[in-house]
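Peer 1: If you count by full-length UniProt numbering, then the sequence shown holds residues 1 to 313, one letter each, in order. Beta carbons: idealized from backbone N, C-alpha and C, even for Gly. This one's a predicted model, so the numbers in the text were calculated from it and none came from an experiment.
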Amino acid sequence: MSAILSLSHVGKSYGNVHALRDVSLSVRQGEVTCVLGDNGAGKSTLIKIVSGLHAHTSGSVLLDDVPVHFGSPREAQANGIATVYQDLALAPLMSVWRNFFLGNELQRGLFRLDIAAMKRICAAELGKMGIVIPDLERPVASLSGGQRQCVAIARAIYFGARVIILDEPTAALGVKQSGVVLRYVVKARDAGLGVIFITHNPHHAYLVGNHFVILKLGRVVLDAHRDELTLEQLTAEMAGGDELTELSHELRGADPGKVVEPASVAPGSVEAPVAAGSAGLAGPAAAGATAEPGGAGGAGAAGGSDRLDGSAS
Ligand SMILES: Nc1ncnc2c1ncn2[C@@H]1O[C@H](COP(=O)(O)OP(=O)(O)OP(=O)(O)O)[C@@H](O)[C@H]1O
Ligand SMILES: [Mg+2]
Numbered sequence: 001m002s003a004i005l006s007l008s009h010v011g012k013s014y015g016n017v018h019a020l021r022d023v024s025l026s027v028r029q030g031e032v033t034c035v036l037g038d039n040g041a042g043k044s045t046l047i048k049i050v051s052g053l054h055a056h057t058s059g060s061v062l063l064d065d066v067p068v069h070f071g072s073p074r075e076a077q078a079n080g081i082a083t084v085y086q087d088l089a090l091a092p093l094m095s096v097w098r099n100f101f102l103g104n105e106l107q108r109g110l111f112r113l114d115i116a117a118m119k120r121i122c123a124a125e126l127g128k129m130g131i132v133i134p135d136l137e138r139p140v141a142s143l144s145g146g147q148r149q150c151v152a153i154a155r156a157i158y159f160g161a162r163v164i165i166l167d168e169p170t171a172a173l174g175v176k177q178s179g180v181v182l183r184y185v186v187k188a189r190d191a192g193l194g195v196i197f198i199t200h201n202p203h204h205a206y207l208v209g210n211h212f213v214i215l216k217l218g219r220v221v222l223d224a225h226r227d228e229l230t231l232e233q234l235t236a237e238m239a240g241g242d243e244l245t246e247l248s249h250e251l252r253g254a255d256p257g258k259v260v261e262p263a264s265v266a267p268g269s270v271e272a273p274v275a276a277g278s279a280g281l282a283g284p285a286a287a288g289a290t291a292e293p294g295g296a297g298g299a300g301a302a303g304g305s306d307r308l309d310g311s312a313s
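#1: Which word fits residue 313, buried or exposed, when buried means at least 16 other C-beta atoms lie within 10 angstroms of its C-beta?
#2: My guess is that residue 201 and residue 225 are in contact by the Cβ rule of under 8 Å, so how many angstroms apart are they, rounded?
#3: Whose beta carbon lies closer than 7 Å to any heavy atom of ligand 1, going through the chain in order?
#4: Take residue 28 as the anchor and find which of 162, 13 and 77 has the nearest alpha-carbon.
#5: Please return the same chain residues whose Cβ sits closer than 6 Å to the Cβ of residue 198, not counting the five positions on each side in sequence.
#6: How many Å lie between residue 95 and residue 196 at the Cα?
#7: In chain order, what are the residue ranges of uninterrupted alpha helix (DSSP H) at least 4 long that sit wholly in the region 104-179?
#8: Between the C-alpha atoms of residue 203 and residue 39, what's the straight-line distance to the nearest angstrom?
#9: What runs of the alpha helix (DSSP H), each 4 residues or longer, lie entirely inside the region 52-95?
#10: Where do the ends of the alpha helix (DSSP H) carrying residue 205 lie?
#11: In the structure shown, what three-state DSSP assignment does residue 43 receive?
#12: Label residue 230 either buried or exposed according to how many other C-beta atoms from any shown protein chain fall within 10 Å of its C-beta, with 16 as the threshold for buried.
#13: CB-CB under 7 Å to residue 180, same chain, minus the five flanking residues each way: which ones, in chain order?
#14: Which residue comes first and which comes last in the alpha helix (DSSP H) that contains residue 239?
#15: Tell me which residues share the same chain as residue 33 and place their Cβ nearer than 6 Å to its Cβ, disregarding the 5 neighbours each side in the sequence.
#16: Once you ignore the five residues that flank residue 189 on each side, which residues in its own chain have a CB closer than 7 Å to its CB?
#17: Look at the alpha carbon of residue 78 and the alpha carbon of residue 237, and state the distance between them as a whole number of angstroms.
#18: Identify the residues that DSSP records as bridge partners of residue 216: which are they?
#19: Hey, would you say the C-beta of residue 125 is under 8 Å away from at least one heavy atom of ligand 2?
#20: For residue 167, verify whether its CB is less than 8 Å away from any heavy atom of ligand 2.
#21: Of the choices 2, 97, 228 and 53, whose alpha-carbon is the least far from that of residue 115?
#22: Answer with buried or exposed for residue 259, where buried requires no fewer than 16 other C-beta atoms within 10 angstroms of its C-beta.
#23: Among 112, 110, 240 and 120, which one has its Cα closest to the Cα of residue 41?
#24: Specify the secondary structure class of residue 193 as computed by DSSP and reduced to three states.
#25: How close, in whole Å, do the beta carbons of residue 56 and residue 11 come, if the pair is a contact with beta carbons under 8 Å?
#26: In the DSSP output, what is residue 188 paired with across the bridge?
#27: Tell me, please, which residues DSSP counts as bridged to residue 27.
#28: For residue 15, does the count of other Cβ atoms within 10 angstroms reach 16, so buried, or fall short, so exposed?
Here is the structure:
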């Protein structure tokens with residue numbers, strides 16, 4: 001099947017920061033394309049380009065094989081691209097049905113809103129997705145995070161989205177709520193949409209994904225179809241195999257599992273760990289291996305302890 005949306009050698013620079021380099025990927029109808037990557041990998045930048053918030057600086061974005069440059073989110077929406085942002089998906093103080101029709105209100109005559117029709121359609125559409133919210137007058141703020149995501153997904157489908165982008169929809173959710181959202185990801189796929197599912201979590205991705213793309217420092221490091229990849233491989237790729245081995249060597253020296261009795265640590269005796277070439281790992285390693293009395297390893301560093309911040313005392 002040909003792609004609805006594709007990126008071809010897309011690059012994006014913010015001044016001299018290259019957030020994306022030479023990124024190519026395809027999103028097909030009726031498939032879930034998972035985009036995974038660590039912090040700073042370029043996931044949000046990629047969404048912003050596709051949803052019309054930012055312009056790419058090189059390469060091309062193609063919709064139905066035609067190059068496009070969305071000048072605004074409204075333009076992307078008008079072309080069937082819906083983006084569900086984690087926190088900004090809905091207006092919290094407005095009711096469920098008002099949110100559902102926000103920006104697309106139905107009118108009766110010239111000046112009056114057709115409230116009855118909006119409530120009826122909202123209930124029917126949520127019902128089709130199996131979302132049960134007994135009182136549609138409730139403010140969205142009173143819904144759980146998972147329910148909010150589901151309302152936003154149902155809305156995008158009803159208003160004719162062809163591609164739906166979900167920005168880390170399960171990041172702040174527990175296991176049960178994540179399950180609810182993942183079910184609706186599948187429903188959006190079954191409704192024939194092309195779904196782009198952004199996540200840090202390979203387990204969530206593998207539950208629903210047809211196609212997996214891993215970004216690292218703005219580049220695609222893996223692009224594979226489900227039948228080319230096991231969950232174990234995806235997890236290993238996400239963890240960054242080499243980095244994990246290095247971390248495991250380093251932490252082995254820190255004696256994981258050791259229990260430090262508070263009384264056995266003399267105040268001021270905690271040495272800053274020397275993490276060869278890896279300043280970022282010093283914090284967690286220090287916190288796990290050398291607990292200060294009162295468990296203040298991290299707080300001590302934040303508080304400017306000479307020894308923990310590495311400076312001589
Ligand atoms: N507006 C901006 N101006 C300058 N640099 C930016 C801007 N937005 C992002 N960057 C940089 O681009 C890179 C990619 O950032 P991006 O937010 O896309 O990553 P991400 O994969 O979404 O990370 P996270 O998982 O933390 O949300 C980072 O180095 C970031 O600092
Ligand atoms: Mg991001």
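Peer 2: Based on what the coordinates show:
#1: Any reading at residue 313 needs caution, since the residue's pLDDT is 37, under 50, leaving its predicted position unreliable; the model's value is listed next. The residue is exposed, with fewer than 16 neighbouring Cβ atoms inside 10 Å.
#2: The pair is not a contact, with the Cβ atoms about 19 Å apart (cut-off 8 Å).
#3: 14, 15, 17, 19, 37, 38, 39, 40, 41, 42, 43, 44, 45, 46, 200, 215 and 218
#4: 162
#5: 35, 43, 167 and 168
#6: 27 Å
#7: 115-128 and 145-158
#8: 17 Å
#9: 73-78
#10: 202-208
#11: helix
#12: exposed
#13: 146 and 150
#14: 231-239
#15: 27, 196 and 211
#16: 30, 31, 32 and 195
#17: 36 Å
#18: 219
#19: no
#20: yes
#21: 97
#22: exposed
#23: 240
#24: coil
#25: 7 Å
#26: BP columns for residue 188 are empty, so no partner.
#27: 5
#28: exposed
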